[in-house]
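Enquirer:
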Amino acid sequence: MFWFGTLNSRPARVPVKLYVHCIELAIVSSKGQLAEIRMTLRAPSRKSFEYRTRLTDNRIWDTFLLRQGDVIVATPPKCGTTWTQALVLSLLFKKPGMDKVMNDLSVWLDPAFRDQLPIARMFEAQSHRRCIKTHTPFDGIPFDPDCSYIAVYRHPIDAHFSMRRHVANLKEDLIQDRFPDEPTASFALFLGETVREEMADGITLEAIAHHFKSFKSNIQHSNVHILHYADMRRDLLAHTRKLASVLGLEIDDETLVAIEDSMQFESMQANAQAGARENTQRSATFKDPAAFFDSASSRKWEGKLSDEDLRSFQERLSELLPEEDARWLQSGGKLPA
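For what it's worth, the working numbering labels the leading residue of the sequence shown as 4, then goes sequentially.
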């Protein structure tokens with residue numbers, strides 16, 4: 004219950020049923036005397052779709068309070084999520100190598116297979132600008148004009164084969180049925196249809212395309228940014244500078260270069276392997292924690308898929324996206340209008 008009015012008037016009690024993310028108190032004086040207290044409420048729009056799958060449960064966003072300056076890294080799985088998180092954290096802290104402590108600062112907020120409450124409490128305890136990870140499409144998370152949203156995409160077949168390896172390394176049987184041992188069999192499932200509620204998991208081509216469309220349809224917002232994994236691989240320094248700019252950070256060139264160098268895939272992979280034993284979360288999740296970083300290579304399908312498989316992929320992609328968008332999703336470059 005909040006009250007509004009001057010100090011000389013009787014307070015009017017008004018019930019406020021908003022997800023209030025920020026309260027600003029402004030004291031206005033008249034002739035040196037306190038006249039009134041004004042309250043400004045900032046209430047971001049709520050998510051518009053509920054995703055509840057074996058991997059994702061986005062109901063946590065209904066109660067999780069976003070803050071001004073938060074950075075939400077939202078990508079389909081295996082499209083450079085961890086890489087982008089580490090880069091964002093290094094920029095926010097103006098310190099290279101933040102991937103070494105990332106699991107203490109930036110984790111997946113809405114997984115269905117973990118207790119989300121401790122994750123939310125970890126973020127709530129942070130006083131610095133936060134970097135929040137999710138795989139949920141745009142319509143499944145709140146939109147706040149005072150936050151930054153970064154979506155990263157990768158060639159869908161590379162993402163699929165990276166996910167195959169990732170799932171095989173999991174201790175828990177979560178979605179192994181979606182990835183049979185025979186590559187062509189799992190690829191056929193990858194090209195299949197997906198019900199809307201399961202599109203947050205990003206384990207099919209349709210889910211990846213849906214995620215992309217959900218963000219691209221909101222690109223008119225100045226705080227929504229779309230990147231491509233291949234472009235980051237081609238010129239990481241340019242993307243380091245770009246991210247610093249869109250996050251409103253002033254960082255000297257020497258520090259930017261040092262951050263870019265620490266974010267090279269080989270450096271992050273070495274850090275992950277060196278710290279695998281100490282990373283209790285990854286040790287509990289993966290058979291081989293050091294294998295979390297697969298490789299940054301492209302064209303992972305070579306020698307594993309037939310020409311017919313690849314034709315089927317192109318046909319399916321053309322059903323899901325316009326030609327220019329389909330081309331961008333595979334190779335990056337300038338995002339089509």
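Don't be surprised by glycine CBs; every beta carbon is placed ideally from N, CA and C. Computed from a predicted model, the values in this text were never measured in an experiment.
1) Could you say which of SER270, ARG244, HIS131 and MET101 lies nearest to GLY72 if we only look at CA atoms?
2) Closest to MET342 by C-alpha separation, out of PRO79, ALA89, SER51 and ASP118, would be which residue?
3) In three-state terms, what does DSSP make of ILE135?
4) With a 10 Å radius around its C-beta and 16 neighbouring C-beta atoms as the bar for buried, classify HIS224 as buried or exposed.
5) By a C-beta neighbour count over all protein chains shown, 10 Å radius and 16 as the cutoff for buried, is GLU196 buried or exposed?
6) Along the chain, where does the beta strand (DSSP E) that runs through ALA77 open and close?
7) Quick one: grab the DSSP three-state call for ARG124.
8) Are GLU127 and LEU68 close, meaning C-beta to C-beta below 9 Å?
9) Nearest by alpha-carbon distance to ALA247: which of LEU173, PHE96, ASP102 and PRO79 is it?
10) Would you list, in sequence order, the uninterrupted alpha helix (DSSP H) runs of no fewer than 4 residues that lie entirely inside the segment 175-225?
11) Using a Cβ cut-off of 9 Å (strictly closer), state whether ILE160 contacts chain C.
12) With distances taken between CB atoms, is the gap from LYS174 to THR288 smaller than 9 Å?
13) Classify ALA210: buried if its beta carbon has 16 or more other beta carbons within 10 angstroms, exposed otherwise.
14) Taking buried to mean at least 16 other C-beta atoms within 10 Å of its own C-beta, is VAL198 buried or exposed?
15) Please report the Cβ distance between LEU259 and THR243, rounded to the nearest whole angstrom; I am assuming they are in contact, meaning their Cβ atoms lie under 8 Å.
16) Thinking C-beta only, is ARG157 closer than 9 Å to LYS81?
17) Let's test the definition: count the other Cβ atoms within 10 Å of the Cβ of SER48 and tell me whether it reaches 16, buried, or not, exposed.
18) Measure the CB-CB distance between SER93 and GLY100 and report whether it falls below 9 Å.
19) How big is the Cα-Cα spacing for VAL74 and VAL227?
20) What residue range does the beta strand (DSSP E) around SER151 cover?
21) If you follow the beta strand (DSSP E) that ILE229 is in, where does it begin and where does it stop?
22) According to the neighbour-count rule (16 or more other Cβ atoms, all chains shown, within 10 Å of its Cβ), is GLY336 buried or exposed?
23) Should SER32 be labelled buried (16 or more other beta-carbon atoms within 10 Å of its own) or exposed?
24) Where does PRO145 land, buried or exposed, given buried means 16+ other C-beta within 10 angstroms?
25) Can you look up ARG57 in the DSSP assignment and give me helix, strand or coil?
26) Please confirm whether LYS76 and THR87 have their CB atoms less than 9 Å apart.
27) Taking just the CA atoms, how far does PHE218 sit from PRO339?
28) The alpha helix (DSSP H) with ARG49 in it runs from where to where?
29) If distances are taken between C-alpha atoms only, which option among ARG330, LEU250 and LEU112 comes closest to ALA123?
30) Any idea if GLN179 is buried or exposed, counting beta-carbon neighbours within 10 angstroms, 16 or more meaning buried?
31) Can you give me the Cβ contacts of GLN129 inside the same chain, cut-off strictly under 8 Å, excluding the 5 residues immediately before and after it?
32) Which residue comes first and which comes last in the alpha helix (DSSP H) that contains PHE164?
Expert: On the basis of the supplied data:
1) HIS131
2) Outside the shown range of the chain, which is 4 to 340, sits residue 342, and nothing can be said about it.
3) strand
4) exposed
5) exposed
6) 74-77
7) helix
8) yes
9) PHE96
10) 186-193 and 208-219
11) Looking at the structure shown, chain C is missing, and only one protein chain is on hand.
12) yes
13) buried
14) exposed
15) 6 Å
16) yes
17) exposed
18) yes
19) 10 Å
20) 151-156
21) 227-231
22) exposed
23) Reliability fails at SER32, whose pLDDT of 41 lies under 50, so the model's placement of it is uncertain and no value is given.
24) buried
25) coil
26) It should be noted that the sequence gives Val, not Lys, for residue 76. Their beta carbons are under 9 Å apart, which means VAL76 touches THR87 by this criterion.
27) 13 Å
28) No alpha helix (DSSP H) holds ARG49; DSSP gives it neither H nor E.
29) LEU112
30) exposed
31) LEU108
32) 159-171
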